[in-house]
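The structure appears below as structure tokens.
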Amino acid sequence: MTTTAVNPVLLLTAVVRRVERLSPSFVRICFGGVDFEHLGPEGPTLDQRVKVLIPSTGHGVPRLDPDGWYAAWLALPEHERGHVRTYTARAVEGEGDDRQLVVDFVLHGPDGHGGAPAGPAGSWAEEATVGDEIGLLAPRRGHERSFGGIEFAPADARRLVLVADETAVPALASIAEALPADADGIAVVEVPDATDFLDVRFPPGFEVHWLARGDRERGSQTLATLRSCLRLDTEGRAPNELPSLGRSADLDDDVWETAMYSSSGDDVTVSLQEAALLGPDDTYAWVAGDSDTVKACRRLLVGEGGMPRHQVAFMGYWKQGRAS
692 MTTTAVNPVL
702 LLTAVVRRVE
712 RLSPSFVRIC
722 FGGVDFEHLG
732 PEGPTLDQRV
742 KVLIPSTGHG
752 VPRLDPDGWY
762 AAWLALPEHE
772 RGHVRTYTAR
782 AVEGEGDDRQ
792 LVVDFVLHGP
802 DGHGGAPAGP
812 AGSWAEEATV
822 GDEIGLLAPR
832 RGHERSFGGI
842 EFAPADARRL
852 VLVADETAVP
862 ALASIAEALP
872 ADADGIAVVE
882 VPDATDFLDV
892 RFPPGFEVHW
902 LARGDRERGS
912 QTLATLRSCL
922 RLDTEGRAPN
932 ELPSLGRSAD
942 LDDDVWETAM
952 YSSSGDDVTV
962 SLQEAALLGP
972 DDTYAWVAGD
982 SDTVKACRRL
992 LVGEGGMPRH
1002 QVAFMGYWKQ
1012 GRAS
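In this note's numbering, the protein residues as written are 692 to 1015.
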């Protein structure tokens, strides 16, 4: 008897069911549609990544097969192709025909507080209304491990360090609301304006810092607050010895390092035997946002703070100077 392998990737037409403006910089869009009852993940979404296909003006959502979808998408005429972007699933709710995906989009431009120009996804979200359609690539329910896209993996760490800018707030919020009530740690969240402080439920033992960027340099408050929370002393040190927020020269150089993968090509995996020799790890860090701030946080946590690399997840969700 033969069995047919189930594709862990769902490629769906996602229909806007509800639009809710959360703040000047955030809009929440709930999607539903045919076959959404198969949509994963099953359980907390954490920082689950999905891909959205924004159709070109005047064209519908491309009809693609999950197998080989990317090559087929690239083969389309450029004016019909639209845009593919990666987002975080804020939540998956409901059952059957009522199952929905919730995505929080960051807005830029005159109506939002983001300083960067709006990309195709943000521009689409700004104008989205009930009934609009986009394409969606997401995990099939029950096959999340094969699909991938979740990086938050604290294992038995007793203390958590969570750092996010506005693009990572949806992932951080989903993580925070899935933590056990006795979880302990700190969260540093930098957003464009105080009106963008969202109602996120953290465990009582968390020290939470919402930071309004305003006209300050992006990430500067995040680094200062993180340094203070971790009690890393800067007294007597030259400015060139401290983590900087210098812009990366290569706009295509993404920053992504977890316990299983590094965009630098370094081998960061640790075997179970090696982990046992290292002893218990008290702290786990999850850092996501713009690449320059993420790099500076990596230098601070690993370089100055001495955190082992297998106990951190650093993810550059976007780069300044490149539309997202």
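Positions of the beta carbon are idealized from the N, C-alpha and C atoms, including for glycine.
Asked                                                                                                                                                       : Found
Tyr1008 to Val880, Cα distance in whole Å?                                                                                                                  : 15 Å
Can you check which of these residues, Glu868, Thr858, Pro871 and Arg850, is closest to Ile877 by C-alpha distance?                                         : Arg850
With C-beta atoms as the reference, is Arg781 less than 8 Å away from Pro861?                                                                               : yes
Is it buried or exposed, Pro768, if we count other Cβ atoms within 10 angstroms and call 16 or more buried?                                                 : exposed
Please classify Thr858: is it buried, with 16 or more other beta-carbons within 10 angstroms of its beta-carbon, or exposed?                                : buried
When DSSP labels each residue in this structure, what does Gly970 get in the three-state scheme?                                                            : Residue placement at Gly970 cannot be trusted, given a pLDDT of 43 that sits under 50; the coordinates are not used to answer.
Quick check on DSSP: helix, strand or coil for Lys1010?                                                                                                     : coil
What would DSSP say about Phe888, mapped onto helix, strand or coil?                                                                                        : coil
Could you work out which residue in Phe893, Leu730, Val946 and Ala987 is closest to Glu784 when comparing CA atoms only?                                    : Leu730
What are the partner residues of Tyr975, as DSSP defines its beta bridges?                                                                                  : Leu851
So Gly826 is in the beta strand (DSSP E); what residue range does that whole segment cover?                                                                 : Glu824 to Pro830
Does DSSP put Glu898 in a helix, a strand or coil?                                                                                                          : strand
When the Cα of Ser716 is compared with those of Glu898, Asp856, Glu948 and Val993, which residue comes out closest?                                         : Asp856
How would you call His799, buried or exposed, if buried means at least 16 neighbouring beta carbons within 10 angstroms?                                    : buried
Could you check whether Ile720 and Ala816 sit closer than 8 Å to each other, using their CB atoms as the reference points?                                  : yes
Alpha carbon to alpha carbon, how far is Asp973 from Val847? Give it in angstroms, no decimals.                                                             : It should be pointed out that residue 847 corresponds to Asp in this sequence rather than to Val. If you take the alpha carbons of Asp847 and Asp973, they lie about 8 Å apart.
Within 10 angstroms of its Cβ, does Ser919 collect 16 or more other Cβ (buried), or is it exposed?                                                          : exposed
For Leu963, which residues in the same chain have their Cβ closer than 8 Å to its Cβ, ignoring the five residues on either side in sequence?                : Any answer about Leu963 is weak, because its pLDDT of 41 lies below 50 and its placement is not dependable; what the coordinates show is given next. Here the set comprises nothing.
How is Gly723 classed by DSSP in three states: helix, strand or coil?                                                                                       : strand
Any beta carbon from chain D within less than 8 Å of Asp890's own beta carbon?                                                                              : Of the protein chains in the structure, only one exists, and it is not chain D.
Look up Asp856 in the DSSP assignment and say whether it is helix, strand or coil.                                                                          : strand
Using C-beta distances below 7 Å, list every residue in its chain close to Leu921, excluding the 5 sequence neighbours before and after it, in chain order. : Gly996
Look up Leu991 in the DSSP assignment and say whether it is helix, strand or coil.                                                                          : helix
To the nearest angstrom, report how far apart Ile745 and Pro757 are at their CA atoms.                                                                      : 16 Å
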